[in-house]
Amino acid sequence: MHVIPLNIAPQLRPYIHSALWIQRNETGGYVFNMIPRLYPCIILPMEQADGLEVMNRDERLLFERNQLYFGGAGDALCRFSIPAKMDLLLVLFHPHSTGLFWKEDALHFADHPILITDTSRELYLLNEKINNAGSVIQKWQSLQTFMIQKMTCKPARNLVYVTRAVELIYRSAGRVDIKTLAKEAYTCQRNLLDSFRQHVGIAPKRFTAMVRFNAVAKELTNYTGKYCLQEKAVEYGYHDLSHLYKDFSRYLGKVPNTFLEQKQEINALV
Numbered sequence: 001m002h003v004i005p006l007n008i009a010p011q012l013r014p015y016i017h018s019a020l021w022i023q024r025n026e027t028g029g030y031v032f033n034m035i036p037r038l039y040p041c042i043i044l045p046m047e048q049a050d051g052l053e054v055m056n057r058d059e060r061l062l063f064e065r066n067q068l069y070f071g072g073a074g075d076a077l078c079r080f081s082i083p084a085k086m087d088l089l090l091v092l093f094h095p096h097s098t099g100l101f102w103k104e105d106a107l108h109f110a111d112h113p114i115l116i117t118d119t120s121r122e123l124y125l126l127n128e129k130i131n132n133a134g135s136v137i138q139k140w141q142s143l144q145t146f147m148i149q150k151m152t153c154k155p156a157r158n159l160v161y162v163t164r165a166v167e168l169i170y171r172s173a174g175r176v177d178i179k180t181l182a183k184e185a186y187t188c189q190r191n192l193l194d195s196f197r198q199h200v201g202i203a204p205k206r207f208t209a210m211v212r213f214n215a216v217a218k219e220l221t222n223y224t225g226k227y228c229l230q231e232k233a234v235e236y237g238y239h240d241l242s243h244l245y246k247d248f249s250r251y252l253g254k255v256p257n258t259f260l261e262q263k264q265e266i267n268a269l270v
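With the UniProt record's numbering applied, the sequence shown corresponds to residues 1 to 270, in that order.
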């Protein structure tokens, strides 16, 4: 798999985590279970793509070429079928950007990917403009221009509480309670809960658990020597090993050893 990072306009850097052009040209595809999705995303499969497919819970979605898709943050069991030939543009938002992009509560977009090309006239016209562009760089520029117009207006006042809380959750690798989050974000727990659902789409406690689990999962996938799973569980604040196993079952439908046997190239990006 070949991954090319794309430049992000300065105006969008507070809202966009990364933009990637992903290509794959192999003899066969594979299936993998995705870790919890912290970053909402836009996905655009392009001309040279075979059928990318996702099973989200029990809902199947086949990604069509030259169509725009959006996926919010979430932790539902998600299984991707990666084709032998893949050519797509992947834009990962910062967690707090969903509400800003859609101008409505992010709660409506959590936990499931959707086709968005025909959800509004402006997105339909954007998709036409992207598909008429001659190169991937031009396609990305068209999408960036749209997002600059859409996302760089004056944000809601409560967004600052969410961004502060998200930063603390990341710094602590999910080992922080809601009381501390609210205190560090300079707001009350109720306001933080409502603001988080508005902008991220899920409650802060749930997001914190996702960050903690992803930190463990990614460390295990990057570890080259022997490791003690019990020690990792304690290090990341799990009461005991059984709680970590429950999280693997909940988020991935796998035990740790089985998870580590699958290809992790997409999980490494998200």
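Yeah, the Cβ is synthetic: ideal placement off N, Cα and C, and Gly gets one too.
Measuring alpha carbon to alpha carbon, tell me which of Glu235, Gln23, Ile137 and Leu143 ends up nearest Ala173. Glu235
What residues in its chain sit with their C-beta under 6 angstroms from that of Ser242, if we drop five residues either side in the sequence? none
Backbone secondary structure at Ser135 - three-state DSSP: coil
Taking contact to mean 3 or more Cβ pairs, one atom from each stretch, closer than 8 angstroms, check whether the segment 179 to 194 and the segment 140 to 147 are in contact. no
Tell me, which residues are paired with Phe93 by DSSP? Ile16
Separation of Thr27 from Thr163, as counted between CA atoms: 43 angstroms
Rounded to a whole number of angstroms, what is the C-alpha to C-alpha distance between Leu220 and Cys228? 10 angstroms
Alpha helix (DSSP H) runs wholly inside the UniProt domain "HTH araC/xylS-type" (163 to 262), at least 4 long, in chain order: 178 to 184, 189 to 199, 204 to 222, 229 to 235, 241 to 252 and 256 to 261
Measuring alpha carbon to alpha carbon, tell me which of Ala133, Asp87, Phe70 and Ile148 ends up nearest Thr117. Phe70
Going by DSSP, what residue range makes up the alpha helix (DSSP H) through Leu100? Thr98 to Trp102
When Gln149, Ala76 and Leu61 are compared against Leu100, the one with the closest alpha-carbon: Gln149
Are there 16 or more other CB atoms within 10 angstroms of the CB of Lys232, so buried, or fewer, so exposed? buried
Could you pull the DSSP bridge partners for Asp87 from this structure? Gln23
Grab the span of the beta strand (DSSP E) containing Leu62 for me, first residue to last. Glu59 to Phe63
Straight-line CA distance for Pro45 to Ser97? 22 angstroms
Here's the rule I'm using: 16 or more other beta-carbon atoms within 10 Å means buried, otherwise exposed. How should Gln138 be labelled? exposed
Closer than 8 angstroms is the cut-off here; do at least three beta carbon pairs connect the segment 10 to 23 with the segment 64 to 81? no
N- and C-terminal bounds of the beta strand (DSSP E) containing His112: Where His112 is concerned, there is no enclosing beta strand (DSSP E), given that its DSSP letter is neither H nor E.
So the candidates are Leu115, Ile22 and Ile202; which of them puts its Cα closest to the Cα of Phe87? As written in the sequence, residue 87 is Asp, which differs from the Phe given in the question. Considering only alpha carbons, the answer is Ile22.
What is the DSSP secondary structure of Tyr39, counted as helix, strand or coil? coil
With a 10 Å radius around its C-beta and 16 neighbouring C-beta atoms as the bar for buried, classify Gly74 as buried or exposed. buried
What did DSSP end up calling Ile82 once you bin it into helix, strand or coil? strand
Kindly indicate the opening and closing residues of the beta strand (DSSP E) around Gly71. Tyr69 to Gly71
By DSSP, does Glu265 sit in helix, in strand, or in coil? coil
Find out if the Cβ-Cβ distance for the pair Arg175, Arg206 is shorter than 8 angstroms. no
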